[in-house]
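In our numbering, the protein residues as written are -16 to 317.
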Amino acid sequence: MRAPMSSFPATAPHPATLRVAYRDATPDALLAAPGTLAVFGFGDAAPALHGDPRYLHVALPAHGRAPLECWRVDGEVAHGRSDGIAWSEGGGLQFGALEIADDGDIDTIARQAYARLQTWLAASTHPHVLRIWNYMDAITEGEGDAERYRRFCVGRARGIGREQPPQELPAATAIGHPHASGCFQLYWLAARRAGTPLENPRQVQAWRYPRQYGPQAPGFARALLPAEASMPLLLSGTAAVVGHASQHGDSLEAQLDEVLANLRSLIDTARVQRPALPAQPGAGSVLKVYVRDAEAMARVDALMAQHLPEVPRIVLHAHVCRRELAVEIDGVHA
Ligand code: 3EB
C-alpha cells in the first residue's frame, strides 16, 4: 500500500532550484557543502576517481586550469550507486551517470546505455529527464552511415525504443574526446516535474534532420525550460548549424558568431514563456565551450572574453559531431 501523502510528499517542499557554478576548490570541499548534487572535474588536472558517486571526471582536456563544475540544490541530498549508476537526489532533482567500456561498437553501447536509462527513469521518483550529456571516443570516425556519431544516434533511438521523437525530448550534448578515453559516458539531470522542450526558429528540429545526416535523426531538443521559474534554462550543445546545414566551414570566428546567435535565439524563445529570464547571456549564465583544434582554444577563450565578458566559462578540447564544426557551446541561462 502507498504511504499517505503527508509522510511522502509528491513534490519537494521548495520548488526545484539548480545552481550551476565553476569553482576553484577541491572536490572534497564542494562535496561537503550542503546541497551539492554533483561535481565535475575536467581534464588531467582533475582527479580521475572519487569515492563519492556525486563526483564525475570528464576526460576532455581543459584550456588552462579548469575549475570544477558544481551543481547545487536546495535541501538534503541523498546519493549512492545502484545497478552501475552513480546517482544523487535532492530538492526535486536527480543527477545520474553511467559509463560503458567502449570496445568500438558504439551502436550497441548507446542502445544499452539508453535502455538502462529508460529502465532507471521508469522506476525513479524523478522520471523526467531534462538534460543529457553524451561523451564518446572518435565521434567522427568512420565514413557515411558508418560514422560513429551516426551509429550512436541509431543505438540511442533503439535503446529508447522509439525512432520517432518521444513526447519529452531532453536537451542534450553529444561530444567526442580528442584522445581515446576507452569509455562512453552518459550523465543526466532528471526532475520530479516535466519541463518544456524548446526548439530554435533558426534551426530545423534535430529530429527532423534530412537523411543526408544519417539513417536516424538525433533525438534531442535545442533547449529545455524546466517547470519551475527558479530553474535555469538548459541549453543543448549548440553549433553553427542554421536550418540543418553547417555554416562557415572556413572560419572559426564566423562559426562562433553563429553559435552565439543561436544561443540568443534560444533565450528569446524561452523568454516568450518566461519573460523574467535575462535577455542576454550574463553573470547568471554558465557556458561550456568545446573547441575542435587544441591550438584554437586560446583564441576562442579570448573571443568569449570579448563577446561575453560576464559569463563564466570553461573551454575544453573536444570534437563536435560533424567534422566541419569547429566549436560548440552548451550551458545554462538564468
Ligand atoms: C547539431 O546541432 C550539433 O545528438 O544529442 C548537438 C547537441 C548535437 C546534441 C545529440 C548533437 C546532439 O546537430 C550536434
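Positions of the beta carbon are idealized from the N, C-alpha and C atoms, including for glycine. Here the structure is a predicted model, which means the values were calculated and not measured.
Sufficient close CB pairs (3 or more, under 8 Å) joining the region 171 to 180 to the region 27 to 35: no
Three-state secondary structure (DSSP) of residue 236: helix
DSSP three-state assignment for residue 217, whether helix, strand or coil: strand
Enclosing beta strand (DSSP E) for residue 120 [first to last residue]: 111 to 120
Reduced DSSP secondary structure (H/G/I, E/B, other) of residue 128: helix
Contact under 8 Å by Cβ, residue 241 with residue 223: yes
DSSP three-state assignment for residue 284, whether helix, strand or coil: helix
Beta-carbon gap between residue 68 and residue 167 smaller than 8 Å: no
Contact test: residue 220 Cβ vs the ligand 3EB heavy atom, cutoff 7 Å: yes
Check: residue 203 C-beta below 7 Å from any heavy atom of the ligand 3EB: yes
Cβ-based burial, residue 269 [other Cβ within 10 Å; buried from 16]: buried
Beta-carbon gap between residue 122 and residue 131 smaller than 8 Å: yes
Nearest-angstrom Cα separation, counted from residue 258 out to residue -15: Low per-residue confidence applies at residue -15: pLDDT is 36, beneath 50, and the placement is therefore not dependable enough to give any value.
Bridge partner(s) assigned by DSSP for residue 5: 52
Any non-hydrogen atom of the ligand 3EB closer than 7 Å to residue 183 Cβ: no
Residues that DSSP places opposite residue 180 in a beta bridge: 207
Separation of residue 39 from residue 33, as counted between CA atoms: 8 Å
Simplified DSSP state of residue 139, which is helix, strand or coil: helix
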